[in-house]
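Numbering (this note's numbering), first residue to last: 44 to 330.
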């Protein structure tokens with residue numbers, strides 16, 4: 044027994060014993076990592092492939108205006124660009140512009156209108172991933188960020204009330220009190236918010252497209268953005284008790300209607316009454 048134990052002890056102290064233990068440890072740790080974290084490696088490879096696909100689409104459809112590396116393309120006029128830099132705009136800006144058909148534009152204009160979508164969801168996600176790789180920026184929001192489906196009825200009503208106050212304070216100057224939109228200076232306009240998906244409203248507040256200011260999470264928290272969307276959704280289900288909406292433009296259209304139809308109708312009625320009133324005729328007395 045003592046001789047066998049001594050031989051084993053000498054082998055353990057040999058130079059190859061440490062190397063064997065090290066290789067065995069590396070083999071075990073590598074096997075455990077492969078077994079427990081295969082999804083992360085696959086996700087990394089998938090993200091890399093998505094960015095590569097997005098770059099291919101970008102070079103074909105977007106580089107003419109935004110540059111091959113998203114740096115923007117300046118014009119001969121100082122301070123003006125054919126397309127702005129996309130470094131740091133984030134995936135949310137791409138998802139909004141491309142997902143609503145505003146991009147790509149056929150030609151540079153004062154404002155990009157919403158139109159038919161050119162890229163499908165997979166291609167839009169690839170473009171967003173590529174632009175996001177150019178620099179840190181706002182990410183695409185999750186549905187839980189702008190949905191109130193998980194709230195109770197009382198919490199939903201509170202969210203709608205808070206959203207209405209925020210919207211009336213910050214947004215009615217351009218979008219009107221019921222989100223119908225309106226004209227803006229220098230050929231721009233605030234689009235109607237009726238029927239717009241909650242995700243795109245959230246992304247618009249987050250990124251500030253076109254003439255719209257940027258409401259970052261420091262200006263409006265994610266919960267406040269969600270409340271604004273809840274308020275706009277509630278307008279879709281609110282009946283118009285007054286009858287004619289007059290475009291939802293508020294006192295401008297209502298005042299114009301009052302002057303033209305109301306006062307104009309009264310003037311017309313007065314003229315008609317005057318023209319049909321029996322007039323007295325006086326006969327001349329002969330001298």
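Cβ atoms here follow ideal geometry from the backbone N, Cα and C, with glycine treated the same way.
Computed from a predicted structure; not experimentally measured.
*asked:* Pop quiz: residue 205 and residue 270 are said to be a contact at Cβ under 8 Å. What is the actual Cβ separation, rounded to whole angstroms?
replied: 4 Å
*For residue 173, collect the residues of the same chain with a Cβ closer than 6 Å to its Cβ; drop the 5 residues on either side in sequence, then sort them by chain order.*
94, 97, 98 and 101
_For residue 235, which residues in the same chain have their Cβ closer than 7 Å to its Cβ, ignoring the five residues on either side in sequence?_
222, 223 and 224
*Do the stretch 131-145 and the stretch 173-187 make contact, defined as three or more Cβ pairs closer than 8 Å?*
Inter-segment contact for the stretch 131-145 and the stretch 173-187 is present: three or more beta-carbon pairs are separated by less than 8 Å.
*So what's residue 253 in DSSP terms, helix, strand or just coil?*
coil
*Nearest to residue 203 (by Cα), restricted to the options 272, 189 and 257*: 272
*Identify the residues that DSSP records as bridge partners of residue 225: which are they?*
Paired residue(s): 233.
_Taking DSSP's pairing of strands, which residues face residue 126 in a bridge?_
116
*asked:* I'd like to check one pair, residue 257 with residue 251: are the Cβ atoms closer than 8 Å?
replied: yes
*Three-way DSSP call (helix, strand, coil) for residue 107 in this model*: helix
*Count the C-beta pairs between the stretch 224-233 and the stretch 146-155 that are closer than 8 Å, then say yes if the count reaches three, no if not.*
Contact holds: three or more Cβ-Cβ distances are below 8 Å.
*Could you tell me the distance, in whole angstroms, from the CA atom of residue 126 to the CA atom of residue 112?*
12 Å
*Helix or strand or just coil, what does DSSP make of residue 314?*
helix
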